[in-house]
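Engineer:
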Amino acid sequence: MMKLSRRRLIFSALGVAVAVAGGAGGYWYWLTHAANTGRVFTGLVQGVAVGGFDPVAYFREGKAVEGSPAITLDYEGATWRFTSEDNRDAFKADPERYAPAYGGYCSWATSQGYLAKGDPHNWDIVDGRLYLNYDDRIQERWRKDIPGFIAKADSEWPRIVK
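Residue numbers (UniProt numbering): 1 to 162.
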């Protein structure tokens with residue numbers, strides 16, 4: 001059996017720590033940076049906008065409601081799901097009214113100049129527009145200066161979206 005010197009033990013521990021940190025850093029990057037960079041975020045459910053939640057329901061019911069895979073509409077290269085044909089028809093008539101700002105990416109991240117997933121459970125409607133955010137912590141940060149973050153995101157969005 002090999003005896004580990006104190007120096008070898010320290011360097012081994014440092015190597016493991018760097019490997020773990022690198023892996024965690026890669027995982028953090030994957031979580032915070034959106035996998036796709038199209039106009040609509042479809043990373044939660046492949047090819048489906050807003051993670052399969054009905055964008056019209058936020059306005060009509062005041063909450064996040066999962067849409068049905070049987071009631072859909074294709075718009076901006078993504079499939080949108082709805083809870084009813086009435087909601088689908090409302091979206092079809094005025095998609096800009098109901099589609100989330102910044103394609104459903106995290107609004108706060110967009111204001112910082114990068115794309116991250118938007119979570120359908122972390123949302124606000126501001127001046128008639130739906131905004132999604134990454135998680136509860138980011139939503140709290142977003143709510144501290146919504147007008148400022150919207151102004152920043154509006155200026156960053158054309159640059160970062162492909």
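Virtual Cβ for every residue (Gly too), placed ideally from N, Cα, C. Note that the coordinates shown come from a computational prediction; the quantities given were computed from them, not determined experimentally.
1) Rounded to whole angstroms, what's the CA-CA distance from R129 to Y102? Just pull it up for me.
2) Quick one: what's got a C-beta closer than 6 Å to residue 168's C-beta in the same chain, skipping five residues either side?
3) Let's see if you can read the secondary structure: which residues bound the beta strand (DSSP E) around V126?
4) Spatial neighbours of G52 within its chain, please: CB distance less than 7 Å, with the 5 preceding and 5 following residues excluded, ordered by chain position.
5) Indicate whether the contact test is met: 3 or more Cβ pairs, each with one atom in the stretch 109-119 and one in the stretch 82-95, closer than 8 Å.
6) In angstroms with no decimal places, state the Cα-to-Cα distance between P158 and K92.
7) Exposed or buried, G148, counting other C-beta atoms within 10 Å across all chains shown (16 or more means buried)?
8) So what's Y27 in DSSP terms, helix, strand or just coil?
9) Just list the residues that DSSP pairs W80 with in beta bridges.
10) Measuring straight from C-alpha to C-alpha, what distance separates A78 and D145?
11) Between which two residues does the beta strand (DSSP E) holding Y131 run?
12) F59 and I125: beta carbons closer than 8 Å?
13) Considering G148, what are the terminal residues of the alpha helix (DSSP H) in which it resides?
14) Roughly how far, in whole angstroms, is the beta-carbon of P55 from the beta-carbon of P100, given that I think they are within contact range, below 8 Å?
15) Taking only three categories from DSSP, how would you classify E140?
16) Do you know offhand how far A151's Cα is from P95's?
17) Does the beta carbon of E156 fall short of 7 Å from some heavy atom of the ligand SAH?
Structural biologist: Considering the structure as presented:
1) 10 Å
2) Residue 168 lies beyond the range of the chain shown here (1 to 162); nothing can be said about it.
3) D119 to V126
4) V45, E66, G67 and R81
5) no
6) 24 Å
7) exposed
8) Note on Y27: pLDDT 36, under 50, position unreliable in the model; the coordinate value appears next. Three-state DSSP puts Y27 in a helix.
9) L73
10) 30 Å
11) R129 to N133
12) yes
13) I146 to I160
14) 6 Å
15) helix
16) 22 Å
17) Of the ligands one can find in the structure shown there are none, so the ligand SAH has no counterpart to examine.
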